[in-house]
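Chains as they are written, first to last, in full-length UniProt numbering: chain L, 1 to 351; chain R, 1 to 351; chain Y, 1 to 320; chain D, 1 to 320.
Glycine included, each C-beta is placed from N, C-alpha and C at the ideal position.
To start, the structure under review is shown below, and the notes come after it.
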Ligand SMILES: Cc1ncc(C[n+]2csc(CCOP(=O)(O)OP(=O)(O)O)c2C)c(N)n1
Ligand SMILES: Cc1ncc(C[n+]2csc(CCOP(=O)(O)OP(=O)(O)O)c2C)c(N)n1
Ligand SMILES: [Mg+2]
Ligand SMILES: [Mg+2]
């Protein structure tokens with residue numbers, strides 16, 4: 001009768017590709033050479049876009065911008081596991097997801113100049129607008145999963161957020177509701193270990209974020225977030241579970257924000273260069289290059305060529321973005337409601 | 001490298017006193033006969049107050065009232081572990097805590113007639129007002145714990161809430177913050193298995209509520225909430241930990257709401273009489289009586305006498321409450337701000 | 001045609017729309033098996049099942065947030081928040097997200113949800129169960145705010161809200177739930193959003209009211225030559241009808257049960273002071289609750305505007 | 001006396017009060033080692049330590065909620081919400097709890113907290129970083145709402161807020177943070193809460209403004225005989241000063257950057273329409289943002305009231 005153990009739980013960690021480019025053959029997803037190269041090119045595109053965006057901001061050609069550098073494996077690996085039927089709810093730092101899914105780079109740039117037209121997702125993609133209010137996209141994604149389930153839709157929902165988001169009430173309410181109704185949703189946390197200046201241990205006393213899933217009665221797993229194969233595999237398995245009606249999964253991608261929080265931030269104020277250097281060595285692109293090289297899929301020249309091609313694509317997007325006309329005053333009115341009220345109507349006409 | 005176990009967790013359950021009144025001698029708290037009787041009398045007082053309050057409501061002499069029947073062990077057992085230096089943040093269903101700590105019964109009744117004056121805690125008690133907005137008292141309690149720690153105050157904070165509250169964002173944000181700062185706070189959930197008509201499994205997919213603490217990096221334990229010794233022991237240990245700077249504890253008291261949610265509710269709409277009967281047999285008072293009887297501390301006559309004395313005390317409170325003058329219009333103004341603004345001043349004067 | 005109270009009228013509107021349109025789903029606390037704490041959703045769980053009448057965990061922010069995701073993904077969610085005072089914890093989802101999704105996505109996604117919540121005082125309930133904070137939500141340009149004043153308008157406005165392509169906050173005056181009975185046609189009819197209703201014609205003074213104060217205002221004007229306008233929709237409100245009446249009478253009394261300062265009466269008065277000032281013969285008076293937190297039952301009669309207070313205001317403006 | 005900008009003035013107020021009163025503690029996101037995203041708390045973590053300058057998890061509701069508990073237990077918490085748009089997720093704690101604790105406990109507990117947040121548009125920041133939803137908080141009778149318009153008033157009002165026995169929402173106009181420099185005395189002084197300030201004397205028209213719109217209003221009136229009143233405190237606002245000026249000039253233009261409908265300008269106009277109508281010679285005009293969601297940077301100039309719009313309103317009322 002006295003003290004007994006009611007329940008036991010374990011948190012697993014998945015990693016497949018190590019820093020030297022060695023992959024665990026049993027866990028390696030069965031990807032063709034073409035698919036492997038696609039992963040690589042998508043990561044290079046994400047990195048290139050990011051570098052260019054930061055540079056544009058420095059030149060005053062873009063507004064405040066949140067770099068994704070270091071998080072390419074987490075973004076590209078998860079995005080490539082998706083199908084067109086799936087829905088994506090991003091936070092504000094998933095440009096690598098967008099690019100991988102084919103969201104026009106010109107629109108991403110446009111958005112980061114402060115032009116909402118960049119948020120109009122093309123019709124063939126199910127990507128919600130960026131969401132700056134941390135964690136508030138999570139219950140929305142859960143609602144989308146409700147709708148998919150209710151409509152017997154074959155898709156699943158993937159929602160992205162950061163480590164900081166795990167402290168918000170909406171993280172909790174969304175997770176809990178998804179658990180209760182076993183909804184087809186995959187929660188992907190890019191644990192880049194910083195929420196602006198607050199390190200992980202200032203965000204939670206929990207040893208891992210993955211273990212937070214225990215409180216909601218579904219599976220949580222930590223993956224090496226700089227390992228594109230681990231991220232891909234975990235996402236794919238979670239999506240399968242979701243589609244099979246088994247319910248939600250929480251994937252913690254342990255990664256690192258290699259750059260400043262945004263271009264308005266100075267990370268040197270609150271973290272050491274040593275820490276950054278440590279993680280630079282764990283660069284997700286580097287290790288994929290090593291893997292590909294070992295498979296003779298890849299050489300120095302290929303790297304250069306990939307970067308060159310990505311650079312051209314981004315340059316074209318920059319050019320196109322800068323050629324766009326400025327939004328007119330009526331943009332404020334024209335998509336806010338299906339039909340404006342009388343006062344708004346007057347205001348639109350300048351009255 | 002591949003899949004590894006990162007962390008393991010266990011959730012314990014504590015029970016000391018079984019339904020037949022047998023106690024585990026190793027775990028039984030070292031209480032004197034007097035203290036044991038005090039526990040008992042406090043539970044009888046709580047039960048008696050509750051019965052009378054429900055009856056008064058039926059007669060139209062009290063407003064909507066949320067019965068505590070069945071939860072006396074959880075309330076009295078935890079309250080008796082407190083010291084005067086501790087702070088209490090109740091939800092709205094802790095009349096047993098209030099009575100045990102010496103909160104005037106007349107004020108409790110007054111409050112449930114819809115008279116805020118009942119919420120003016122006497123100066124010698126540190127009990128926050130009832131909090132109807134579910135879970136919102138939790139971050140406030142965490143703030144109080146911050147203050148105690150900051151001021152090197154010897155007290156700790158105890159915050160009460162129900163199973164339904166565990167779904168709220170404020171539960172999460174408060175727990176998480178308490179974990180990060182290792183604050184001296186004890187979280188006591190009276191898991192009475194229902195949140196109005198929603199049963200526990202509609203509230204969470206987790207197998208226990210106690211396991212939710214894992215996500216915050218501190219200890220969670222389930223206790224038999226109808227076992228006053230288990231509740232007392234767990235609370236006392238948690239308070240010691242809090243005072244020693246070890247941080248928060250989450251105690252899930254698994255109990256049952258034997259009555260309707262409130263006097264405005266009809267539980268027969270959503271739960272079976274069998275379930276209620278099952279839990280009636282687990283009545284926390286019954287099993288304490290059996291324990292006391294086995295120790296020859298107690299006979300039938302004592303029970304009758306205890307009930308009689310409690311009845312008289314409550315009757316006196318009812319009489320005193322009903323003799324109170326109605327609150328005057330100026331009551332709305334007089335304690336809302338240290339100094340009213342000019343418009344409020346005019347409104348107070350009827351302008 | 002049956003005589004229904006407001007609870008029945010709302011229930012009927014929900015049932016009919018659910019039968020008509022399978023995208024309509026309900027979610028909220030205790031709305032399923034229990035039929036809602038006011039029994040507004042009674043019988044719908046039995047009739048439409050757990051997939052369309054969803055008992056949620058106790059999570060107001062997730063209720064609103066999930067409704068947004070549902071709405072964007074092709075459902076027509078009707079979320080219930082058990083009492084208006086608990087909308088505050090879903091406030092961010094409602095004003096920062098539901099009200100802006102169409103704008104943020106430049107029309108790619110819309111958010112046709114209805115958020116129903118019992119609202120207003122006078123029912124002897126605990127704290128936060130009697131809020132009338134409608135003005136908070138009238139500052140969200142993408143959100144409609146609707147307040148029926150009786151069973152007939154309740155049904156017609158709710159059906160209109162359910163079919164609206166944008167989010168609607170639907171405030172149900174709790175005090176009226178079972179107080180009034182009216183002829184309510186079975187089957188489909190709508191009351192247009194954004195239009196006020198002339199509740200009583202008159203020439204000397206215009207009284208503006210909504211929700212449960214309409215009932216009180218109508219009682220108060222019994223012996224006055226007063227025109228009474230029932231706003232019905234607060235955002236966007238029907239300035240045309242309001243101004244038309246004010247220009248005719250030259251006198252205005254606004255009645256609302258929220259505290260006076262920054263209540264929705266302020267917007268009405270301000271609009272009148274901006275658009276009809278040359279027609280005014282008297283000060284624009286607001287009869288409202290005092291600027292104190294909503295009290296509990298035993299002080300509620302002192303808090304809510306009374307018939308006498310409305311009459312005193314009428315007498316005052318009529319002195320000019 | 002030094003020339004300080006508003007960031008420096010607020011920093012100085014915090015530092016001085018923390019040195020004077022050890023009960024004053026700060027909490028918020030990134031306010032510690034990072035010194036706040038606007039550097040308002042720079043140096044305070046180093047000077048006062050982690051127990052008094054508390055970097056919290058990313059939890060707005062808990063920040064406000066914890067501040068309530070701290071305040072009730074004898075501290076003087078100053079909570080920072082990183083941008084006003086994120087107060088919405090702490091809304092319940094602020095309006096349902098902080099603003100009511102004294103009333104709910106009938107005076108046993110009080111809640112002397114200050115909630116600081118950057119507020120307003122024009123800084124080219126992402127969504128929800130440029131909200132000016134002050135009117136939402138002016139409907140909470142137990143909560144004071146304060147908006148400085150420059151470094152001098154910022155320091156003096158903040159010190160007054162810190163010493164106030166009740167909760168104060170302190171809105172810092174982000175656009176002004178580094179735009180204006182003023183003489184700011186070192187050491188203690190206060191600017192009284194609840195009092196407006198005559199920013200410019202005049203006789204023909206009264207302009208009411210606050211926060212960052214004051215700067216714009218002052219520019220707009222350059223060639224007019226206009227009296228400009230800087231509200232400083234919105235709740236409770238200084239009706240006496242406002243009405244005194246209006247009764248003198250007979251004309252009013254209200255300027256605010258929030259959307260027009262149900263913005264705080266409505267309360268001012270309504271009060272004037274109630275108390276000073278016989279003195280008015282012209283419609284009470286509001287120059288405000290249109291009723292649309294706050295846009296991003298590239299539309300912001302279309303959204304915020306411009307000097308030209310203020311002048312057009314002045315010209316219009318002066319025609320009467
Ligand atoms: C609710 C809310 N609070 C504060 C902010 C300001 N803010 C923007 S990003 C950020 C940190 C987010 O950290 P994390 O969730 O780890 O995501 P990351 O930035 O690392 O991608 C903060 C505090 C916000 N956007 N939303
Ligand atoms: C935020 C909020 N939402 C809804 C309600 C209405 N309500 C009152 S009690 C209750 C259920 C609470 O369940 P639980 O936390 O288990 O406490 P119990 O009533 O069982 O003591 C609900 C939904 C409320 N008071 N607060
Ligand atoms: Mg992060
Ligand atoms: Mg319960």
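Legend entry - Counted within 10 angstroms of its Cβ, other Cβ atoms place residue 140 of chain L as buried (16 or more) or exposed: buried
Inset, instruction - Look at the alpha carbon of residue 187 of chain L and the alpha carbon of residue 212 of chain R, and state the distance between them as a whole number of angstroms. - result: 18 Å
Inset, instruction - Can you tell me the Cβ-Cβ gap for residue 338 of chain R and residue 165 of chain D, rounded? I've got them flagged as a contact below 8 Å. - result: 4 Å
Inset, instruction - Please list, in chain order, all residues of the same chain as residue 110 of chain L whose beta carbon is under 7 Å from its beta carbon, the five residues on each side excluded. - result: 117, 118, 321 and 324
Legend entry - beta-carbon residue 86 of chain Y near ligand 2 non-hydrogen atom, thresh 7 Å: yes
Legend entry - 8 Å Cβ cutoff, residue 119 of chain D in contact with chain Y: no
Inset, instruction - Taking only beta-carbon positions, decide if residue 302 of chain D is within less than 8 Å of chain L. - result: yes
Inset, instruction - Compute the distance between the beta-carbons of residue 72 of chain D and residue 114 of chain D, then report whether it is under 8 Å. - result: no
Inset, instruction - Buried or exposed for residue 65 of chain R, please, with buried defined as at least 16 other CB atoms from any protein chain shown within 10 angstroms of its CB. - result: buried
Inset, instruction - For residue 274 of chain Y, return the contacting residues in chain D, with the cut-off set at a CB-CB distance below 8 Å. - result: 269, 283, 284, 285 and 286
Inset, instruction - Name the residue from D/186, D/180 and D/238 whose alpha carbon lies nearest to the alpha carbon of residue 216 of chain D. - result: D/180
Inset, instruction - Could you list which residues in chain R have their beta carbon closer than 8 Å to that of residue 75 of chain D, in chain order? - result: 146, 147, 150 and 151
Inset, instruction - Examine chain R for any beta-carbon lying closer than 8 Å to the beta-carbon of residue 202 of chain L, and answer yes or no. - result: yes
Legend entry - Contiguous alpha helix (DSSP H) assignments of at least 4 residues, all confined to the region 262-286 of chain L: 273-280
Legend entry - Endpoints, alpha helix (DSSP H) assigned at residue 93 of chain D: Counting along the chain, residue 93 of chain D falls outside any alpha helix (DSSP H), and DSSP gives it neither H nor E.
Legend entry - For residue 237 of chain Y, the nearest candidate out of Y/141, Y/131, Y/57 and Y/23 (CA to CA): Y/141
Inset, instruction - Under 6 Å Cβ to Cβ from residue 217 of chain R, same chain only, skipping five residues before and after it: list those, please. - result: 179
Legend entry - Residues near residue 115 of chain R in its chain [Cβ-Cβ closer than 6 Å; skip 5 each side]: 327
Inset, instruction - Please confirm if residue 1 of chain R has its CB atom under 8 Å from at least one CB of chain D. - result: The pLDDT assigned to residue 1 of chain R is 48, lower than 50, so where the model puts this residue is not dependable; a value taken from the coordinates is nonetheless given after this. Taking Cβ atoms only, chain D never reaches closer than 8 Å to residue 1 of chain R, which makes this a no.
Inset, instruction - Please list, following the chain, all residues that have a C-beta closer than 7 Å to any non-hydrogen atom of ligand 3. - result: L/162, L/163, L/164, L/190, L/191, L/192, L/193, L/194, L/195 and L/257
Legend entry - Straight-line gap, residue 303 of chain Y to residue 28 of chain Y (C-alpha atoms, nearest Å): 30 Å
Inset, instruction - Flag residue 238 of chain D as yes if its beta-carbon sits less than 8 Å from any beta-carbon of chain L, otherwise no. - result: no
Inset, instruction - With DSSP collapsed to three states, give me the class of residue 343 of chain D. - result: Because chain D here runs from 1 to 320, residue 343 of chain D falls outside it and cannot be looked at.
Legend entry - Candidates D/153, D/106, D/151 and D/169, of which the one nearest residue 135 of chain D by Cα: D/169
Inset, instruction - Would you check whether ligand 2 has a heavy atom nearer than 7 Å to the C-beta of residue 89 of chain Y? - result: yes
Inset, instruction - Could you tell me if the beta carbon of residue 268 of chain D falls within a distance shorter than 7 Å of some heavy atom in ligand 1? - result: no
Inset, instruction - My understanding is that residue 61 of chain D touches residue 174 of chain L, with C-beta atoms under 8 Å, so please give their C-beta distance in whole angstroms. - result: With 8 Å as the limit, residue 61 of chain D and residue 174 of chain L do not qualify as a contact, their Cβ atoms being about 15 Å apart.
Inset, instruction - Could you tell me whether any Cβ in chain Y is nearer than 8 Å to the Cβ of residue 91 of chain L? - result: no
Inset, instruction - Kindly provide the ranges of any alpha helix (DSSP H) runs that are 4 or more residues long and lie completely inside the region 80-156 of chain L, ordered along the chain. - result: 95-101, 105-112 and 137-150
Inset, instruction - Note down, in chain order, every chain Y residue with its Cβ under 7 Å from the Cβ of residue 335 of chain L. - result: 102, 103, 106 and 107
Inset, instruction - Report the rounded CA-to-CA distance for residue 344 of chain L versus residue 333 of chain L, giving the unit in angstroms. - result: 8 Å
Legend entry - chain R within 8 Å of residue 86 of chain Y, Cβ atoms only: yes
Legend entry - Contact set between residue 61 of chain D and chain L, taken where Cβ atoms lie within less than 9 Å: 168 and 169
Inset, instruction - Specify the secondary structure class of residue 192 of chain D as computed by DSSP and reduced to three states. - result: coil
Legend entry - is_contact[residue 260 of chain L, chain D] using C-beta, thresh 8 Å: no
Inset, instruction - Determine the DSSP secondary structure at residue 119 of chain Y, reduced to helix, strand or coil. - result: strand
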